[in-house]
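*Asks:*
In my numbering, the protein residues as written are 1355 to 1513.
(1) Is residue 1356 helix, strand or coil by DSSP?
(2) What residue range is occupied by the uninterrupted beta strand (DSSP E) comprising residue 1446?
(3) Verify whether the separation of the beta carbon atoms of residue 1441 and residue 1383 is less than 8 Å.
(4) Whole-angstrom Cβ separation of residue 1381 and residue 1424, contact assumed at under 8 Å?
(5) Taking the continuous alpha helix (DSSP H) assigned at residue 1504, which residues delimit it?
(6) Throw me the rounded Cβ distance for the residue 1455 and residue 1411 pair, which I believe falls under 8 Å.
(7) Do the segment 1435-1454 and the segment 1359-1378 touch if we need at least three Cβ pairs shorter than 8 Å?
(8) Helix, strand or coil for residue 1366 per DSSP?
(9) Considering just the uninterrupted stretch of the alpha helix (DSSP H) at residue 1423, what are its terminal residues?
(10) So, residue 1431 versus residue 1376, is the Cβ gap smaller than 8 Å?
(11) Suppose you measure from the CA of residue 1489 to the CA of residue 1504; what does that come to, to the nearest Å?
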């Protein structure tokens, strides 16, 4: 777990449920044409622990989803660079839950990235081919978004 609390750490209660991130949350979907997408096997103590998803977490006050997703991914995996080095953003996918939102920042690598487990929030990190992602036990939020995320990735690959 993080040793230092951040401004966005905390739960938000909405009519649709309880969600982590006082200012919303964001995750980084990194796609590498040769290896697939980077998935994170979530620590059992975390929300929806034991499932697979993408690195991400609570946004800090004043932080954009892109900034927060890159920061969270870098803290958890060591990639991309803290200013987004090694990726380019190709889209965003936002899910609104009343007064709370989760944004997936969809990216493509611009250089080979070597991710590693960098904190206790991950059991494992794995590059997974696009056609195999749905075979994993996915975080429910990521599972619900995956069909739309996959469309964006496939459309970008066709361009």
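Just so it is clear, CB atoms sit at the ideal spot from N, CA and C, and this is done for glycine as well.
*Replies:* By the coordinates alone:
(1) Annotation note: pLDDT 48 at residue 1356 (below 50); position unreliable, coordinate value reported separately. Residue 1356: coil per DSSP, three-state reduction.
(2) Looking at the DSSP string, the run of the beta strand (DSSP E) that includes residue 1446 is 1441-1451.
(3) For residue 1441 and residue 1383, no; Cβs fall outside 8 Å.
(4) That pair is no contact at about 10 Å.
(5) 1494-1512 is the span of the alpha helix (DSSP H), which, as asked, contains residue 1504.
(6) Residue 1455 to residue 1411, Cβ: 14 Å. No contact.
(7) A contact is defined here as three or more CB-CB pairs under 8 Å, and the segment 1435-1454 meets this definition with respect to the segment 1359-1378.
(8) The three-state secondary structure of residue 1366, taken from DSSP, is strand.
(9) Per DSSP, the continuous alpha helix (DSSP H) segment holding residue 1423 begins and ends at 1419-1431.
(10) It is not a contact, given that the beta carbons lie outside the stated cut-off.
(11) Residue 1489 and residue 1504: Cα-Cα distance of roughly 14 Å.
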